[in-house]
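Trainee: So the sequence shown is residues 1410 to 1589, counted in our numbering. We put the beta carbon where it would ideally sit given N, CA and C, even for glycine. I'd like to ask you about the structure that follows.
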Amino acid sequence: MNNPERPYSDMLEAAQRKLVEAQFFYRRLVSERDGRLVESEAGAFRHYLSAFLSAGESVRYVLQNADEQKYTNLFGQLPKNTDRDLLKFMNVQRGEEIHGKGLGLTAKLEPVPAIVLIRSNQTAGGHPAYGMHIFGPPGSHMHPMRSVLYFTGDEEGLIDKCAKYLRLLEGLVQEFIQGS
């Protein structure tokens, strides 16, 4: 059943706009993660994460309001122990952030290849000679570490989890539009 208050095509356009918004905030999350070595605005990562979760759930909300039966059918076709669980998990995270006490995040130090650190400090199109350099005595082994964030109680890295969620949302929108 279509939402009588808005034309179906407007609802699909709104879902696509919200998807583009989620993609935008996901890219900002990745940029903040990769740019942590350089100074960024305090709290930016959490702000982008909150906006990403809100935009992602808005995609689902708009699709459901466009045609609830079609959305229910699509949701029913998702594998039980993967995609459905991910959608529910991310909805809970959004609820905690928006309506609850805020997101619980855990950080763990994990090794990162030195080249990743060097590349993250280079300006776009800049020459490597002007970027970060890592020096040490001959034969020394440097083991750089960086903080990787997780949703508290979850085993998968937050950025990886968000990437899966975004791909799932993109697939839902595509399936929804193709089935029109």
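Relative to the C-alpha of glutamate 1422, which candidate in Val1471, Arg1442 and Gly1452 has its C-alpha closest?
Mentor: In the sequence shown, counting from the first residue as 1, residue 1422 sits at position 13. Of Val1471, Arg1442 and Gly1452, the smallest CA-CA separation from glutamate 1422 is found for Val1471.
Trainee: What's the call for leucine 1518, buried or exposed, on a 16-neighbour Cβ count within 10 Å?
Mentor: On the sequence shown, position 109 is the one that residue 1518 refers to. Looking at its Cβ environment, which holds fewer than 16 other Cβ atoms inside 10 Å, leucine 1518 is exposed.
Trainee: How would you write the range of the alpha helix (DSSP H) that valine 1471 sits in, first residue to last?
Mentor: Residue numbering aside, residue 1471 sits at position 62 when the sequence shown is read from its first letter. Start and end: 1453-1475.
Trainee: Counting only the same chain and skipping the five closest in sequence on each side, list residues whose C-beta sits under 8 Å from that of glutamine 1502.
Mentor: Start at 1 with the first residue of the sequence shown, and residue 1502 comes out as number 93. Excluding positions up to five away in sequence, the list reads Leu1462, Leu1512 and Phe1560.
Trainee: So, are the CB atoms of tyrosine 1457 and arginine 1469 less than 9 Å apart?
Mentor: Your numbering for residue 1457 matches position 48 in the sequence shown. Your numbering for residue 1469 matches position 60 in the sequence shown. No; because the gap between Cβ atoms is not below 9 Å, this pair is not in contact.
Trainee: Which residues bound the beta strand (DSSP E) around leucine 1487?
Mentor: One-based indexing of the sequence shown puts residue 1487 at position 78. Leucine 1487 -> no beta strand (DSSP E), and no H or E assigned at all.
Trainee: Using only the alpha-carbon positions, how far apart do cysteine 1571 and glycine 1452 sit?
Mentor: Mapped onto the sequence shown, residue 1571 falls at position 162. Mapped onto the sequence shown, residue 1452 falls at position 43. Taking the straight line joining both Cα atoms gives about 18 Å.
Trainee: Could you tell me if glycine 1465 is buried or exposed, where buried requires 16 or more neighbouring beta carbons within 10 angstroms of its beta carbon?
Mentor: Taking the sequence shown and counting its residues from 1, the one referred to as residue 1465 is at position 56. Counting Cβ neighbours within 10 Å, glycine 1465 comes out buried, since at least 16 surround it.
Trainee: In terms of residue numbering, what span does the alpha helix (DSSP H) encompassing lysine 1570 cover?
Mentor: Walking along the sequence shown from the start, residue 1570 turns up at place 161. Per DSSP, lysine 1570 belongs to the alpha helix (DSSP H) from 1567-1587.
Trainee: Reducing DSSP to helix, strand and coil, say where valine 1439 ends up.
Mentor: Position 30 of the sequence shown, counting from 1, holds the residue named residue 1439. Residue state, collapsed to three classes: helix.
Trainee: On the criterion of 16 or more Cβ atoms from any shown chain inside 10 Å, does methionine 1499 qualify as buried, or is it exposed?
Mentor: Taking the sequence shown and counting its residues from 1, one reaches residue 1499 at position 90. By the 10 Å Cβ count, methionine 1499 comes out buried.
Trainee: Candidates Val1557, Phe1433, Asp1492 and Leu1514: which alpha carbon is nearest proline 1520's?
Mentor: Residue mapping note: residue 1520 aligns to position 111 of the sequence shown, counting from 1. Ranking Val1557, Phe1433, Asp1492 and Leu1514 by Cα distance to proline 1520 puts Val1557 first.
Trainee: Assign threonine 1491 to one of three DSSP states: helix, strand, or coil.
Mentor: By 1-based counting over the sequence shown, the position of residue 1491 is 82. Reduced to three states, the DSSP call for threonine 1491 is helix.
Trainee: Contact defined as beta carbons within less than 8 Å: I believe glutamate 1579 pairs with leucine 1428. What is the distance between those atoms, to the nearest angstrom?
Mentor: For the purposes of this step, residue 1579 is taken as residue 170 along the sequence shown, with counting starting at 1. For the purposes of this step, residue 1428 is taken as residue 19 along the sequence shown, with counting starting at 1. Sure, about 6 Å apart at Cβ, within 8 Å.
Trainee: Leaving out five residues before and five after serine 1467 in sequence, what residues of the same chain have Cβ atoms less than 7 Å from its Cβ?
Mentor: Position 58 of the sequence shown holds residue 1467. These residues qualify, in order along the chain: Lys1427.
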